[in-house]
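Residue numbers (the working numbering), protein chains in the order written: chain A, 13 to 513; chain B, 10 to 322; chain C, 79 to 401; chain D, 478 to 846.
Working notes, beginning with the structure itself.
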């Protein structure tokens, strides 16, 4: 029913889509995978009308169509569920659901709030969400927002005759395991009315949900796989064009850490907002993983170590010295590095060059009396660009124009080049493609070998298990359980889940 | 020519076009002595705009600059007799201090700089009125010449103000491009959360940006007081909006992290040329303000580099 | 209040501007009891009425995360044009001067729309676009008047100032009605809600199919209408218009809006905040004279009180970046 | 090229006397540069004319400029031949514009100017002197700056002694108040010279009226809106104690009247200053007791005339006595009795002034205290 035929899209210097053929039938769930830069987002934008193709055709129910903008696509039944946080936080849930389509509730220029609330409740019921539609969105959890996002797209059901095509862009990235299950159940139920295009980096989820999977590489579709036809490894092979290392998480490189050298010690730390009595120790060379659901307090613990939050009670010691004044500056001086989850917001400064970003945390080292030695900075940046094979035209490239993986490498280089030996990694592989992920895993092992202590909040449980020396399960702001994770004796997913939920 | 590549150069191209346009109408405008004198006269405004650049560079604004300059003309006039040359230090310290106060209110008390600097400007104005006894004050002409005469003389055809301006421009350009402070301010302007997460003491740098703005406003006030040999709590009125316009026309938008002091130098010259062009084009008095506004819209539309603005608010 | 009816931190912040207003009234009354009288409140509201209309207009713009600095020019322009039109159509309301009323609202809308179009179509940030438009509008006013004063001498129209109902002049009620209209637009119309959407997340709103540019232009147009209302009230108050009629409205109206609890970064606050903010600023201005504060201290004192008010009404936990 | 021809024709029409004076000044060799169309050839013949003032947005400055224009027209030129340099209340712009004007015309200028703030006068006249132009100033000038110290280029300074007229208005006010009661003063921008003098005049008059109390004096910044709000606050603070209002200018009086109108108060004795047409009408209508006319029209014309005639050599400033270089402008008290006659004489038909009678209507040399 929906089809792309030989669709082409070019940007200055980039051939983003090369004669892409794509089709989706009634009630189908189609997966779309590919590395970052393979052309997935361009393809999605063409589908939901944000981009217009330069060549080829979009065919719906046998007729060629052209969408001038996302709204035109919506009116044909094509909707997009965006990645997290695409709801407007200061509006109520119902306003978000009907944003741009308020007219149906307007009589003589007046919005009938009651009618809108009723209609919104009906939409929320579709996604099994029982919240007051007048709730301000900022009060919702991430998972709830994701469902509201879905409910919003499902309003197309009433507006559009015929079938819907709904794009789900990384819908699970902020969801906990059980929430993902709920979402999948919903999606399957909704196939009576809609077709879904499911985009995710989590290969297992794509395999589980999709009837068919389109594999993209370098702007072209390289394979179309029906359910059960191929294994994860085979698909990954297609995506990256080579075999993915069996030792994905580099377990073979895991060496015992130095238990005599304590880098970070938290004793009975409590924070405002439900974080209670946290005690943990990080040793040199140790990868310590914090595991828990969204909002369980993992991030707050990282931020406390980094000095961005001040505990109400308890002691934080870095390398044996108790911290009295909490500030990132203090922590950085003691060798702490922080790789934040919101890479584009907190990780890099878009608009500044690669070298400026790399030395941002250690300008003192590259200056005397406040005057920078720019030649030195640039040499250091060039060095790390080649060391981490960062794809940038030069150290003078604008960091904001790099791909996600390369941005992450710049962030890591920022701390490593400054000699940080306590690294706090918050979702370091989020949104990265497999190749970039592997690079990050290698770097984690490299750092561990060099005696760096790492506190990790991983993207998936598998990643946490695979990478860590120790795992601490956090739930509702309290530590539930500590696991040791020697290679060969690692806890199972089930072990962790048991304490998480 | 690729328009994209041309964009960073648009401010000074605009300046050249304007100069050429006026020059065609009346070639006396293009005489070097005339251009030098035109540049010399705009210096106090330029110095204030230079300071404002720092506030705008970090994404804020400093609306206290004019009151600060007013206050400093009064301080300079009142204390020249007792302090001698040290009055300059006092003036700059006053500006720096008030700027720091604005910065503190903005960063620690979370009052947007639009409001905090306006409020601090009110305090400075009150202080100026109190110190001056609500009168215009004179400096002793002989003492002014002895202490600050060098500021307003001429060497050949070059007004000394220009040396001061170039010196301050070089200094601020050095701060912007070559020091940790300048780098930090760029980071704060372009991505404050990332700067904070990199361990920079963002609050301190922001306070410093406002303090520098205050100090430069003070220097502008001091130079103006010397030029006029006196001070009054309202004498620098009319500085603020042209100074803001100079910064914006130069291509430092209010979003922060883009542009810089060199842009402001060009922007100030654009303002000076637009003003002078009123004279050379024989614009009627009643039409001048309207035409200034229209030319301004054109100039901003030309100079602003939209590629660097994520959203246009 | 939260579900259990407790008074929460959020409530405290929401009501802070009103608390500040009440505290100021108590303070001034304590120093000079004459402050607390119906007559004085009438005086404060008369002074506040035009400023309130400007503040309400700019509130819509600030809600969108933009800023408008054109109000001084637009106010002068519409005020002068109003007087000319009023005189031209007969010089009294009864004789046909009333035509000037809708006419001038239309002029305000057109000027506001031009302002918005320059901002949106030329992609110039609103700060600069509106600043320049302010120059143009003031310049146009000078061109119109040649520097003269235009007077309106119609007792019926001036009844807005002189006729009192329950102790307050009519113009106060007119301002009140327009506040209600603004509140209605803010809460009950699509446009009003779209201001919040644009202010809360412009890119997201655009992706949801909202025509953000049209909302922006509509916002500036609406603001222009409110500036025109302010101009009419200002003429009602002073009986005359000239090219400086709008002077001093820019900084004071934006300050008022922020003092009232509207966030400059957009999406937070509304018409009631503007109302409370304007009252705070006017109570301070009136109160400082009534308690006999030396005139040279007044600017500084206003600054300090403004800072205190803004500090109290800012949700420090919700704010991360302040510029 | 057309402007050249126009200039040439105008030059031909310059009065015979001036032409002779110019020739005598030794500019006989102008033929050569003239052939090349250089404007500078008219150095002492046809100076560029300019008035530098605050803005076009007030009746006062409008009158000043109209006077200047009338003078220019009396030379057989058009209004457009006088350039308006508007400083918008900015001393910085005032100075910059004048310097740009000097540069444009190679110093061959006759300028009349209000320097906006008194300290600004010195750099302005110094710039004019350095460029070889001629300038007359009004209002703002510091006490230590004198035309005779600068030389011929600083032709004259005219100001108005406001203290005595303001004292006179106060006396009229007090008489209307029945020699007792409370008065409030609404002033100009605090540091402005006229604002200070007008308040001083009131204070001088108070010495003779022991039963009259000055309740309060605060600045209303010459502004109608601010005056209305300030007056409203005064009414709250002093209530019925206010039995008279002393305003520093007409604009303030308009605001005061409207504030009183809002309260339904009528017949409050009010005095104003400046003698703007609207205010004169109000005096006739009995809304104001009096205002003071400073004849800005004449001031505007004669200031430019002085600069012009000094520039073309009609007279040599340094040969004039000091009271011809620094003098007071005329002040005319306008009360209800003479308002109608005054209006007929000065407003309804603008009187024709002899712009070469520089000092006739003036009010004597400036006296410093």
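Don't be surprised by glycine CBs; every beta carbon is placed ideally from N, CA and C.
Would you mind telling me which residues of chain B sit closer than 8 Å to residue i, beta carbon to beta carbon, in chain order?
i	result
residue 464 of chain A	Within chain B, no residue comes near residue 464 of chain A; the closest Cβ sits about 17 Å away, beyond 8 Å.
Can you name the residues of chain D whose CB is closer than 9 Å to the CB of residue i?
i	result
residue 141 of chain B	667, 668
For residue i, go through chain E and note every residue whose CB falls closer than 9 Å to its CB, in chain order.
i	result
residue 115 of chain A	The displayed structure is made up of protein chains A, B, C and D, and chain E is not among them.
For a contact meaning CB atoms closer than 7 Å, what does residue i contact in chain A?
i	result
residue 190 of chain B	382
Along chain C, which residues have their Cβ under 8 Å away from the Cβ of residue i?
i	result
residue 833 of chain D	None at all; the shortest Cβ gap to chain C is about 28 Å.
residue 533 of chain D	220, 224, 225, 321
Cα-Cα, which of the options is closest to residue i?
i	options	result
residue 280 of chain B	B:252, B:225, B:230	B:252
residue 126 of chain C	C:206, C:372, C:251	C:251
residue 803 of chain D	D:818, D:836, D:791, D:826	D:836
residue 620 of chain D	D:637, D:595, D:631, D:632	D:595
residue 308 of chain A	A:38, A:393, A:490	A:490
residue 186 of chain C	C:109, C:309, C:116, C:147	C:309
residue 311 of chain C	C:95, C:123, C:87	C:123
residue 238 of chain A	A:230, A:218, A:249, A:252	A:218
residue 726 of chain D	D:633, D:747, D:589, D:839	D:747
residue 33 of chain A	A:507, A:234, A:320	A:234
residue 146 of chain A	A:102, A:214, A:425	A:102
List, in order along the chain, the chain C residues whose C-beta lies closer than 7 Å to that of residue i?
i	result
residue 100 of chain A	275, 278, 279, 282, 283
residue 83 of chain A	287
Give the C-beta separation of residue i and residue j to the nearest angstrom, bearing in mind that I take them to be a contact with Cβ-Cβ under 8 Å.
i	j	result
residue 163 of chain A	residue 109 of chain A	6 Å
residue 561 of chain D	residue 294 of chain B	3 Å
residue 601 of chain D	residue 572 of chain D	6 Å
residue 261 of chain A	residue 468 of chain A	The pair is not a contact, with the Cβ atoms about 12 Å apart (cut-off 8 Å).
residue 282 of chain C	residue 212 of chain A	No, residue 282 of chain C and residue 212 of chain A are not in contact; Cβ-Cβ is about 21 Å, not under 8 Å.
residue 100 of chain B	residue 84 of chain B	6 Å
Can you pull the chain A residues whose beta carbon is under 8 Å from the beta carbon of residue i, in chain order?
i	result
residue 267 of chain B	363
What does residue i reach in chain D if we use C-beta pairs closer than 7 Å?
i	result
residue 118 of chain C	713
Which bits of chain B does residue i rub up against, with CB to CB less than 7 Å?
i	result
residue 63 of chain A	Here the premise fails: no neighbours, minimum Cβ distance about 19 Å.
residue 567 of chain D	246, 247, 248
Chain B partners of residue i, CB-CB under 9 Å?
i	result
residue 211 of chain C	302, 306
Could you please give me the residues that DSSP links to residue i through a beta bridge?
i	result
residue 176 of chain A	A:206
residue 238 of chain A	A:224
residue 171 of chain C	Paired residue(s): none; residue 171 of chain C is not in a bridge.
residue 146 of chain B	B:240
Can you pull the chain C residues whose beta carbon is under 9 Å from the beta carbon of residue i, in chain order?
i	result
residue 287 of chain B	Ordered by position in chain C, no residue passes the 9 Å Cβ test against residue 287 of chain B, which lies about 11 Å from the chain.
* When Cβ atoms are compared, which residues of the segment 196 to 225 of chain B fall closer than 8 Å to chain A? -> Only 196, 199, 200, 202, 203, 204, 205, 206, 207, 208, 209, 210 from the segment 196 to 225 of chain B bring a Cβ to less than 8 Å from some Cβ of chain A.
* Asked: For the segment 278 to 310 of chain C, which residues have a beta carbon sitting closer than 7 Å to at least one beta carbon of chain A?
  -> 278, 279, 282, 283, 285, 286, 287, 288
* Using a Cβ cut-off of 7 Å, which residues of the segment 537 to 552 of chain D contact any Cβ in chain C, in chain order? -> 538, 539
* **Residues in the segment 592 to 605 of chain D having any Cβ partner in chain B nearer than 7 Å** => 594, 595, 596, 597, 599, 600
* To do: Note down, in chain order, all residues in the segment 673 to 696 of chain D with a beta-carbon under 9 Å from any beta-carbon belonging to chain B.
  => Residues of the segment 673 to 696 of chain D with a C-beta atom less than 9 Å from some C-beta of chain B are 673, 696, listed in chain order.
* Could you name the residues of the segment 85 to 98 of chain C whose beta carbon sits closer than 8 Å to any beta carbon of chain D, in the order they occur along the chain? => none
* To do: Scan the segment 380 to 396 of chain C for residues whose Cβ lies nearer than 8 Å to a Cβ of chain B and list them as they occur along the chain.
  => 380, 381, 382, 384, 385, 388, 389, 392, 394
* To do: Mind checking the segment 718 to 733 of chain D against chain C and listing, in chain order, the residues whose C-beta falls within less than 8 Å of any C-beta there?
  => Residues of the segment 718 to 733 of chain D with a C-beta less than 8 Å from any C-beta of chain C: 731, 732, listed in chain order.
* Contacting positions in the segment 19 to 43 of chain B - beta carbon closer than 7 Å to chain A -> So nothing in the stretch comes that close.
* Within 9 Å of chain B by C-beta, residues of the segment 331 to 342 of chain C in sequence order -> 332, 333, 336, 337, 341, 342
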